[in-house]
């Protein structure tokens, strides 16, 4: 227990709490919907090694189950159920080791290209949900190697285990 407390204090935890709530009308009935998100980040650099983890807990409040056809024009579609579920997960958890000119990064990490907010065809690793295109993307389990060749030119190699991408 003392070792765990020492590690937490040495790594200097940081984070944030975010809350959002609103009331809206759905089929002439007022509905409350909201969520609370707690993000705890631990990161530390020791010489040429860097560690980072982001632990996230999201709790949804109020109405969490929807029929998506309620938000579409009437076409006689069958019900399309959608539920917001509370969850606890690691957004990122990786270790980076630099042995110049190579850098190895192992674990759950951000891998993506482009800046599209709701849709980005160049980012095949981290797909955004059209229903919740938040700015925070979950990491992908991967082994990554960066090779610095010259100046601003480098090579980025990835190994992503099968079934680790949605």
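Residue numbers (the working numbering): 553 to 718. Even glycine gets a Cβ: it sits at the ideal position worked out from N, Cα and C. Every value quoted in this text rests on a predicted model; they were computed, and no experiment measured them.
- Exposure of residue 705 is indicated by the presence of fewer than 16 other C-beta atoms within 10 angstroms of its C-beta.
- Pairing residue 659 with residue 646 gives a Cβ-Cβ distance under 7 Å.
- Along the length of the segment 634-717, whole alpha helix (DSSP H) runs at least 4 residues long do not occur.
- When secondary structure is reduced to three states using DSSP, residue 616 falls in the coil class, being assigned neither helix nor strand.
- A straight-line Cα-Cα distance of about 9 Å links residue 638 and residue 613.
- Below 8 Å, too few C-beta pairs join the segment 613-633 and the segment 650-659 to call them touching: fewer than three.
- Per DSSP, residue 577 is one residue of the beta strand (DSSP E) stretching across 566-578.
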